[in-house]
Structures are given as C-alpha cells and as structure tokens.
Amino acid sequence: MECYIASAEERQNEDPIVRKWLNDITQIAYDAEDVIDKFILQVHDEETKERKQPDDQDTNKETKPTGCFPSMSSCIKFKKEVVLNLPKKVVNLHDIGKDIEELRTRIKDLTRKQKLYQLESSRIKGEGNSSNSLATLRQLRRTTSFSVEKKVVGHDDDTITLLAKLFDPDPRRFIVSIYGMGGLGKTTLAGKLYHHLEVKRKFDCLAWVCVSQDYNTHDLLLRIISSFGFTTKTTVELKQMNEDGLERYLHGSLQGRSYLLVADDIWKIEAWLSFKRAFPDCNNGSRVIITTQSQEVAEDLDERTYIHKLRFLTPEESWQLFCEKAFGNQDANGLEEQLKTLGMEMVRKCEGLPLAVIVLGGLLCNKTQPAEWKAVRDHIWQKLKKDTIHIPNLFALSLMI
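Just add 4 to the spot in the sequence shown (first one is 1) and you have the numbering used here.
Set out below in structure tokens:
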C-alpha cells in the first residue's frame, strides 16, 4: 500500500476522491496504533511472567521491557516487536483478533479503490521492507491534516478563550501557543479550532502541518504548501526547489491573503524558526497556532504570542469522557453500582489526563462484568503503591512512538 501513497499525494489537491483515500489511510494508521497499544496492555502481564521463568533462555529477551516500560527505548523496542509479530500473537486474543480482521477488511477496500483510482506505484528497488513500516506509519500521520472528533469532551472554556484570540481585531500576525504535557489534548483542541465553521469563514486559506521531533525543513515546507492547496506549481516542480525557493514561493502565495497555520507538535524553537520567514505579516489578521509540550518553546516563539497552558480535565469531564469512550451512545446512567464504583476509582487515578481516560475507556468498552473491570484495575495498579499515582505517565508512555 505504501508504494502508492506518493502518487496519491501528487493528485490529492486536484482530486477530492483521492484526498479522501489518503485521509482513510491516515485514519487506519491511527486505528492500527490503537490496536497495538491495546495489545501491549493486554499481553504485558503474560510477557512479564514468561520472563520470570527460570528456564527462559529466549535470545530475544532483551527486546522486551522489564517492569512497566522503564525507559522510552525499551517501550519503542517492544512496540516494534509487537508490530512485526502482531499476526502471530493475536490468535488467542479474541477482541483484538476482531479488530485486526476489521483493519484487514478496510485495507482490502482501500486496495480495491487504489486500482479504481488508477494510482500508480512509486516503489523503487530496495524500498518497502518491513524495517520501514514504522517510519511509514509516522509519515502517514504527517501526510494529511488532522480530522476533528465529532464530539470533544471538556475544554469548552479553552475553546472560547482561544477563538477570541483568533478573532482579535489586531491586524498584526501573532501566534497562539498551546502547551502542556503529552496526552492533555493539545492536538484535539487545535483541531477543534481549525475546523470551527467561523474560523474557516474568517481566513482566506488554512494549513495544518505536524512538525514532530524528527522534522525536515524541506519536507515541512512542501507539506505546508500542499495543505494550503496552492497549485500554481506541480508537485514535481516544488520537490526540485531548495528550501529558499520553497520559502519564496510560499511567502509570495500568502501575500494579500489572511491565513491560519497550525504547526502541531513542535519540540524545539529551531523548528519554527526554520520556516517562520515564509509567513508574511500583511496586517490582515493572519494567525499561527502552535502546539508543544515545552513551556520554553511556547514562551520563546515570538514577541507577539498568546501563551495558553492547557489544563487537566475536571473529575466531571474525566467521567464524561470515560463514559463516552467506554459506552459510546449507550446510556451510562443505568450502570450497576459496582461497575460505577470501579470505574470512578480508575478514572480518578488518571488524574485528569485525557489520554489515560481514553485508553481506560477503550480497555473496558467490551467488558460488562465486575470481575473483568477488577482484572483491568489490578493489572494497572499491581506495580504501584497504594498512595502513589503515576498512571497518567504509564498510559502516555504506552501510546508513544
């Protein structure tokens, strides 16, 4: 599938059907990561038990993390192993097996559409081996703009505040920086602003780019131009330009237009500085939204920056989000008291971190018995002291790549 993506990217601006095909691939990439994370959380106990067996002489033992993923490198190694061996490991995990079958069905449908849309392979000799699969997954997540969730729980006050900043009558370009720890929902909030109907009406053109830690300035500029939808030059012509040429082209294309750029997941101030010159200040109310985990980055972006520290969810918002993820459209008011007590206990341990609540809700969405909920609770808490709460970090780590 990956060898057809480049062909689709070249056509996405001219063909909305192809753009929809790319968006579907991106969504599958997100869903595949969710399945992997669910798998890791379910099998981690078994992996730990196996490693404790005295006769365990597995030569690949060092690729599996001990304890609850003590380091990022061990988490990444373990997740890579899961990706490569996923089909073998899901056979006895019924729920995850169903998720995998659904993904396979969706991928087959995309393959059928690829032939229907006559997307040509751009694979060259030596590409496409399994070692590139994880990098390709990351690339897919950077290829298309963020799709806002239909229902976003919490942060209504943040949305109102930030919309007011975007609509501020000050004509000068300025930055809205959203910062906070991983898993707080910075990208979700930025997406909510980006897709707001009044925002789309206000700005002449909008673009979304995921920067990430391993950014490349030339690639960033190409993706920004593509996201804005500027088509006066072909993709081939743009790729042949150097960074200065791309900056001049983007700068010229934005002249006289009010624009909104979302630069998601910036790790270093150098990333913003690497393409800042391409964005003119035409005194027409243009805005830039930047999300980052770093307070230092948020504060050093520009002299005209509104800095917004994203808060944790309230207990009420956390419970609402949990119910949304665990029960969907079903009424949670009829939840039996024992399940409600267990659920509230686990949600409280998430300490208002949306990512932790979402993972918890996903783990419990297909479980209806108190014993199953207790098993999840005990699995999560087993290595923690009663009064020491580090569950948000544990959940955040389990979803990172």
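Where is the CB? At the ideal position from N, CA and C, for every residue including glycine. Quantities reported herein were computed from a predicted structural model and do not represent experimental measurements.
Three-state secondary structure (DSSP) of residue i
i      : result
Leu264 : strand
Lys329 : helix
Thr236 : coil
Lys313 : strand
Thr221 : helix
Thr296 : strand
Lys272 : coil
Glu241 : helix
Arg308 : coil
Gln342 : helix
Thr30  : helix
Thr63  : Low local confidence applies: a pLDDT of 43 at Thr63 is under 50, so the model's placement there is unreliable, with the coordinate-based value given in what follows. Residue state, collapsed to three classes: coil.
Phe279 : helix
Asp285 : coil
Lys68  : Annotation note: pLDDT 39 at Lys68 (below 50); position unreliable, no value reported.
Asn246 : coil
Thr318 : coil
Gln259 : coil
Val39  : helix
Leu90  : Interpretation of Leu90 is limited by its pLDDT of 44, a score under 50 that renders its predicted location unreliable; no figure is taken from the coordinates.
Leu107 : helix
Leu138 : Only weak support is given to the placement of Leu138: the predicted model assigns it a pLDDT of 43, under 50, and the value that follows is read from those uncertain coordinates. Correct three-state label for Leu138: helix.
Leu226 : helix
Cβ distance (whole Å) where residue i is taken to contact residue j below 8 Å
i      : j      : result
Tyr198 : Val156 : Not confirmed; about 12 Å, so no contact.
His159 : Leu201 : Actually they do not touch by this definition, with Cβ atoms about 18 Å apart.
Leu346 : Pro374 : 7 Å
His312 : Ile182 : 5 Å
Ser322 : Cys354 : 6 Å
Val180 : Lys190 : About 11 Å separates the two Cβ atoms, so there is no contact after all.
Gln297 : Gly186 : 6 Å
Phe283 : Arg177 : 7 Å
Ile294 : Leu305 : 6 Å
Tyr253 : Lys243 : With a Cβ gap of about 12 Å, Tyr253 and Lys243 do not count as contacting.
Pro175 : Gly289 : 5 Å
Asp28  : Leu107 : Contact doesn't hold; Cβ gap of about 12 Å is too wide.
Ile104 : Val39  : 7 Å
Leu225 : Glu247 : 7 Å
Val301 : Ile273 : 5 Å
Trp271 : Gln217 : 5 Å
Leu359 : Met350 : No, Leu359 and Met350 are not in contact; Cβ-Cβ is about 14 Å, not under 8 Å.
Leu188 : Leu26  : Not really, about 28 Å apart at Cβ, beyond 8 Å.
Lys196 : Thr163 : 6 Å
Glu320 : Arg281 : No, Glu320 and Arg281 are not in contact; Cβ-Cβ is about 45 Å, not under 8 Å.
Counterpart residues of residue i in DSSP-defined beta bridges
i      : result
Arg291 : Phe178, Leu264
Residue-level contact to chain B via CB, residue i, 8 Å cutoff
i      : result
Gly233 : The structure shown contains no chain B; it is built from a single protein chain.
Taking the runs of the beta strand (DSSP E) that are 3 residues or longer, which of them lie wholly in the segment 141-219? 178-183, 209-214
Does the segment 204-212 come close enough to the segment 323-332 to have 3 or more Cβ pairs within less than 8 Å? no
Below 8 Å, how does it come out for the segment 253-270 and the segment 221-240: are there three or more Cβ pairs, yes or no? yes
Going along the chain, which unbroken runs of the alpha helix (DSSP H) with 4 or more residues stay wholly within the segment 355-384? 358-368
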